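See below for the structure under consideration.
Number of protein chains: 2
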Amino acid sequence: MDQPKKRAKPGRNPASASRTSRPRQAEVAELAGVSQATVSLVLSARGDGRAAAISEETRQRVHEAARSLGYVPDPAARRLAAARNNLLGVFSFTATFPTDVQHSYYPFLVGVEQEAAAQGYDLVLFTGSSSGGASAVGPEALSRVRLADGCLFLGRHVPRAELKRLVADGFPVVHLGRREELEGLAWVGADYVSASREVVGHLAELGHRRIVLVREDDDAPPSTDRQQGFLDGLAAAGTAGGPGAVLRCADPMRELTAQRVRTLVADGVTAFVAEETDTGAAWRALITAVREAGLSCPGDVSLGLLGSPPADLAAQPVPMGFDIPRHRLGAAAVRLLAALVAGEEAREPLVACEFRAGETAGPPIQSP
Amino acid sequence: MDQPKKRAKPGRNPASASRTSRPRQAEVAELAGVSQATVSLVLSARGDGRAAAISEETRQRVHEAARSLGYVPDPAARRLAAARNNLLGVFSFTATFPTDVQHSYYPFLVGVEQEAAAQGYDLVLFTGSSSGGASAVGPEALSRVRLADGCLFLGRHVPRAELKRLVADGFPVVHLGRREELEGLAWVGADYVSASREVVGHLAELGHRRIVLVREDDDAPPSTDRQQGFLDGLAAAGTAGGPGAVLRCADPMRELTAQRVRTLVADGVTAFVAEETDTGAAWRALITAVREAGLSCPGDVSLGLLGSPPADLAAQPVPMGFDIPRHRLGAAAVRLLAALVAGEEAREPLVACEFRAGETAGPPIQSP
DNA sequence: GCGCATTACTAATGCGCATTAACGGACCGG
DNA sequence: CCGGTCCGTTAATGCGCATTAGTAATGCGC
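The listed protein sequences correspond, in order, to chains A and B.
When the count follows this note's numbering, it moves up by one through the first sequence with no breaks and lands on 368 for the last residue.
When the count follows this note's numbering, it moves up by one through the second sequence with no breaks and lands on 368 for the last residue.
Quick look at the structure:
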């Protein structure tokens, strides 16, 4: 009577419909006359490296049995046992799927998807702002991402506190876009400094000595980086920057008039570069002013754009400048994230931009 | 001494790096001072129906503990334990985010994402055939989707055999786009028949009696449906279709000449409708031919497009016709899938298109 | 012919969760 | 005051697989 208390076996509810049809490893094992463990060893044998100690004959029998039964491993069980989900999260605080196909996140996603596939990960898409009723946009909205092995963040409005919490907990996180304010947060970004320096370098090579940067009145890192690169480029070319080299406008369209451009050109300026922003205001203002000043572009004055032109100006003559490799940025972010998930160290976060020769730059005119 | 042989506990290898960060139910339980089972009961309590027998106070404590720990249930474990994980899969055999935006499933995804959020599901993007090297396109490629509660399939190149297997196993699957060849496969599609009939109806109401359909030489269901709707519309308008009512061209640009159009118009034809295809060839050929024939559009002849114009022609006068509600299609697919997951029956798979008045249709000219 | 290494395989275990029988305590009618 | 009932909670179990300690069998050397 002192045997351990006998308990019924609760277990699980009766087999659901699909139970009957899907063979388990145990059934394969029985058919092959081996143990379940052997089946697992055979079927999950990594192609690379040494094969486990299983005889070729057994291996064959197991494979045969598996095939004849139509065995397919259960991914849930596989992932549970392996303690990894092979899932990467993608979180954007603005809608992950903006209605506009032209949206700037799209190219990132292309790269993200490709690289994730290459690394053997699937993607879980989270939306912070989704109007969906179920997901309350509470502070814990972010913690759902823990479902994945790691998470990629897009957009600038990700709440700091929550992100910090994730990072502090050691959850692998990568931010797409420079994000240095948050200690320990991994990120990847485009190397605007080098790219901008290169643009200035090309202009200098063509012979330009007086170059002006038109930028907006915004202290976002991308803007700062571009100015930095611009000034570096000037220095490398042996040209003094000086305060007049940077034209900072709160409202470019209003401040950068044709008259202003004429004055600068008369003063010896032979080339302008504009920074790229969301709105493209600086570039828009620049080409408008130059046109209205009656100046021809590669002829009278050379223009450069530190980025890509806005979609509605894409048909215009291609500006000399650089393209942000969004595609590669997305891929780099995934690689970094995968490395973090695997417990490796973060690597170089900067991705080089691609120089674009365009058709808006030429040698400076000889001032009369 | 006859106790069962003592064996060491093999278990699994020491915790990987991420182990620390992901709290388990057991940890929540400890913090709340209850058992793991209680945590499970509280957290998986179905909102509907009777709440499990847990006191409100305990419930509170558990929720609090879970929140403070940032607990998120492990999808794999959830799934393995025979429940569901509130995950819906999206699988497209071509890249979901293709480089070529034209063929993108993006608009669908907008609807999918919204509806999934509304239904309380997260989305897993199973990266199908991406050029990535890792994922061999073996038979198991598709079976990964079993991690989710159900899966949405996009694209026409999904391998039949594997899909069939999923369906046969009772795994909830919905195909976006008509797919009747596969017995038992649920799908949602746009109602091209009704929409095309409506377009013809509008033309008939305007007074058109002789209407010609320009279509490509392709027997895909969407083409067939449009023709069907077109003929239905003619019949409803009391106009005989006749063999001449459908112009089937292998190469519309070449076959649909200005001369041909002139002849038709002279013969009494007052309106043309073109089908929409990937390339937009039929519509392109039609408007080109009409222009070259020197005919003005809403004046001399009315035009309709059974679908949306290709992106590069969007700036032209908006064609009368209909828009495929990709957004709503995606949402409908998710609703259907959610119903299947819940064990309900499939419902009406057709989603209505949206009529677009446009500016290419008017009353027919009185032939002299 | 005994120790020791190697090979080929199996038993046991747990991943994290859901499920359910059982249990202890409070309450209650008789 | 005792058996019964209800309530809140828990222990135990297994989902399907990967992992690893252990074992039986065999080979090898001296």
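Note that the Cβ used here is the ideal one computed from N, Cα and C, for glycine as well.
As the structure is a prediction and not an experimental result, all values here were calculated from the model.
Tell me where the alpha helix (DSSP H) around residue i begins and ends.
i: residue 27 (chain A); result: 25–32
i: residue 233 (chain B); result: 221–236
i: residue 40 (chain A); result: 36–43
i: residue 175 (chain A); result: Residue 175 (chain A) -> not in any alpha helix (DSSP H); beta strand (DSSP E) instead, spanning 173–176.
i: residue 356 (chain B); result: Per DSSP, residue 356 (chain B) belongs to no alpha helix (DSSP H); it is in the beta strand (DSSP E), 354–356.
i: residue 62 (chain A); result: 56–69
i: residue 260 (chain A); result: 258–266
i: residue 300 (chain A); result: 297–300
i: residue 170 (chain B); result: Element bounds for residue 170 (chain B): n/a, residue is neither H nor E.
i: residue 80 (chain A); result: 75–82
What do you get for residue i, buried or exposed, if any count of 16 or more other CB atoms within 10 angstroms of its CB means buried?
i: residue 157 (chain B); result: exposed
i: residue 60 (chain A); result: exposed
i: residue 215 (chain B); result: buried
i: residue 308 (chain A); result: buried
i: residue 181 (chain A); result: exposed
i: residue 191 (chain A); result: buried
i: residue 342 (chain B); result: exposed
i: residue 259 (chain A); result: exposed
i: residue 357 (chain B); result: exposed
i: residue 243 (chain A); result: exposed
i: residue 276 (chain B); result: buried
i: residue 131 (chain B); result: With a pLDDT of 43 at residue 131 (chain B), under the threshold of 50, the modelled position of this residue cannot be trusted; read the value that follows with caution. Burial call: exposed.
i: residue 159 (chain A); result: exposed
i: residue 92 (chain A); result: buried
i: residue 113 (chain A); result: buried
i: residue 122 (chain A); result: buried
i: residue 280 (chain A); result: buried
Leaving out the 5 sequence neighbours to the left and right, which residues in its chain are closer than 8 Å to residue i when beta-carbon positions are compared?
i: residue 197 (chain A); result: 229, 230, 232, 233 and 236
i: residue 346 (chain A); result: 186, 336, 339 and 340
i: residue 351 (chain A); result: 188, 189, 190, 191, 325, 328, 329 and 332
i: residue 223 (chain B); result: 215, 216, 275 and 277
i: residue 34 (chain A); result: 58, 61 and 62
i: residue 171 (chain B); result: 145, 146, 150 and 151
i: residue 40 (chain B); result: 25
Tell me which residues share the same chain as residue i and place their Cβ nearer than 7 Å to its Cβ, disregarding the 5 neighbours each side in the sequence.
i: residue 327 (chain B); result: 107, 110 and 111
i: residue 217 (chain B); result: 248, 249 and 250
i: residue 264 (chain B); result: 212
i: residue 335 (chain B); result: 115
i: residue 363 (chain A); result: 206 and 207
i: residue 179 (chain B); result: 185 and 187
i: residue 298 (chain A); result: 359, 360, 361 and 362
i: residue 203 (chain B); result: 211, 271, 302, 304 and 361
From which residue to which residue does the beta strand (DSSP E) around residue i run?
i: residue 186 (chain B); result: 186–190
i: residue 279 (chain A); result: Counting along the chain, residue 279 (chain A) falls outside any beta strand (DSSP E), and DSSP gives it neither H nor E.
i: residue 414 (chain B); result: Shown here, chain B extends from 1 to 368; a query on residue 414 (chain B) therefore has no answer.
i: residue 383 (chain A); result: Residue 383 (chain A) is absent from the model: chain A starts at 1 and stops at 368.
i: residue 330 (chain B); result: Run containing residue 330 (chain B): none in the beta strand (DSSP E); it sits in the alpha helix (DSSP H), 326–341.
i: residue 215 (chain A); result: 211–216
i: residue 108 (chain B); result: First-last for residue 108 (chain B): 106–118, but that is the alpha helix (DSSP H), not the beta strand (DSSP E).
i: residue 90 (chain B); result: 87–92
Suppose the cutoff is 6 Å on Cβ atoms and the five residues either side in sequence are ignored; what does the same chain contact list for residue i look like?
i: residue 283 (chain A); result: 274 and 305
i: residue 79 (chain B); result: 85
i: residue 32 (chain A); result: 61, 62 and 65
i: residue 148 (chain B); result: 87, 88, 89 and 124
i: residue 285 (chain A); result: 252, 253 and 256
i: residue 36 (chain A); result: 25, 26 and 29
i: residue 209 (chain B); result: 239
i: residue 355 (chain A); result: 198 and 322
i: residue 161 (chain B); result: none
Q | the segment 65–73 of chain B in contact with the segment 272–291 of chain B per 3-pair CB rule at 8 Å | A | Touching, no, given that fewer than three Cβ pairs across the two stretches are closer than 8 Å.
Q: Pair every Cβ in the segment 146–157 of chain A with every Cβ in the segment 315–327 of chain A, then say whether three or more of these pairs are closer than 8 Å.
A: In short, these stretches do not touch, since the Cβ pair count stays below three.
**Q.** chain A contacts made by the segment 115–128 of chain B, where a contact means CB separation under 9 Å
**A.** 115, 116, 117, 118, 119, 120, 121, 122, 123, 124, 125, 126, 127 and 128: these are the residues of the segment 115–128 of chain B whose beta carbon lies less than 9 Å from some beta carbon of chain A, given in chain order.
Q.
Using a Cβ-Cβ cutoff of 9 Å, what residues of the segment 224–254 of chain B are near chain A? List them in chain order.
A. Listed in chain order, the positions of the segment 224–254 of chain B with a beta carbon within less than 9 Å of a beta carbon of chain A would be empty, since no residue qualifies.
(Q) Against chain B, which members of the segment 338–356 of chain A pass a CB distance test of less than 8 Å? (A) Listed by position along the chain: 341 and 343.
Q | Residues from the segment 153–176 of chain B in contact with chain A, defined by Cβ distance under 9 Å | A | Listed by position, the residues of the segment 153–176 of chain B near chain A (Cβ gap below 9 Å) are 165, 168, 169, 170 and 171.
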